[in-house]
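Everything on this sheet refers to the single structure shown next.
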Amino acid sequence: MTKVQTNNIIRFISLLFLQILVCNNIILHDVASQFIYIIFILMLPVSLSPIKTIWFAFIMGLILDIFSGTGGVQAFGCVFIGFLRPKILRMIMPPGGYEDIVTPDVSRLGFMWFISFSLIMVFLHHLILIYIDRFSFYMFWSTMGRVFASSILTFAFVMVYAVMFYPKKRR
Numbered sequence: 001m002t003k004v005q006t007n008n009i010i011r012f013i014s015l016l017f018l019q020i021l022v023c024n025n026i027i028l029h030d031v032a033s034q035f036i037y038i039i040f041i042l043m044l045p046v047s048l049s050p051i052k053t054i055w056f057a058f059i060m061g062l063i064l065d066i067f068s069g070t071g072g073v074q075a076f077g078c079v080f081i082g083f084l085r086p087k088i089l090r091m092i093m094p095p096g097g098y099e100d101i102v103t104p105d106v107s108r109l110g111f112m113w114f115i116s117f118s119l120i121m122v123f124l125h126h127l128i129l130i131y132i133d134r135f136s137f138y139m140f141w142s143t144m145g146r147v148f149a150s151s152i153l154t155f156a157f158v159m160v161y162a163v164m165f166y167p168k169k170r171r
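Just so it is clear: in the sequence shown, position 24 is 24 by this note's numbering, and no numbers are missing.
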């Protein structure tokens, strides 16, 4: 087993436990929830096939649904961003491409690239997740407020994770 595979297994298990045991129980002012498990999907290897990305995302979402009682909502949100991830990576590809890049992180691709990638992925995930959960466009603006608040909160956690575990390399 390679170091990348070991890191992904550890990341999967630790984020899953953290989401289920801690983050699922924290909702700020009945508006914002943090979905930190998305970090696992963000940090999957760039070269991973789209099918494998979707499968790993589905497994993450399914386990979350089982322990959270959310009836497929988490799995749908995870599969949605697992499906979009390769397209978004192509859309914001750096000039040199991803040839020497294993994991899309701050230290290899830069702060601005990582912010763009993370914001797009987090917002799309939260948009679909919260609207599927509500299953209605009734109260559109309050729901969009929840999408934005949850996206900002989750994005903050993603950035803290990125800075802690992938510090910028000194030149």
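Just so it is clear, CB atoms sit at the ideal spot from N, CA and C, and this is done for glycine as well. A quick note: this is a predicted structure, and the numbers were derived from the prediction, not measured.
Item	Value
Judging by CA-CA distance, which residue of 85, 71, 126, 43 is the nearest neighbour of residue 51?	85
Residue 28 bridges to which residues according to DSSP?	32
Report the three-state DSSP secondary structure of residue 145 (helix, strand or coil).	helix
Between which residues of its own chain and residue 146 is the CB-CB distance below 6 Å, once the five residues before and five after are set aside?	31, 130
So is residue 162 buried or exposed if we call it buried at 16+ other beta carbons inside 10 Å?	buried
Could you spell out where the alpha helix (DSSP H) holding residue 138 opens and where it closes?	From DSSP, residue 138 is part of no alpha helix (DSSP H); its letter is neither H nor E.
Give me the Cα-Cα distance between residue 171 and residue 118, rounded to the nearest whole angstrom.	At residue 171 the pLDDT is 41, less than 50, meaning the model places this residue with poor confidence; the figure from the coordinates comes in the next sentence. If you take the alpha carbons of residue 171 and residue 118, they lie about 25 Å apart.
Is residue 2 helix, strand or coil when you go by DSSP?	coil
Cα separation between residue 81 and residue 141?	23 Å
Report the rounded CA-to-CA distance for residue 136 versus residue 72, giving the unit in angstroms.	16 Å
In whole angstroms, give me the CA-to-CA distance for residue 61 and residue 113.	26 Å
Decide if residue 91 is buried, meaning its Cβ has at least 16 other Cβ atoms within 10 Å, or exposed.	exposed
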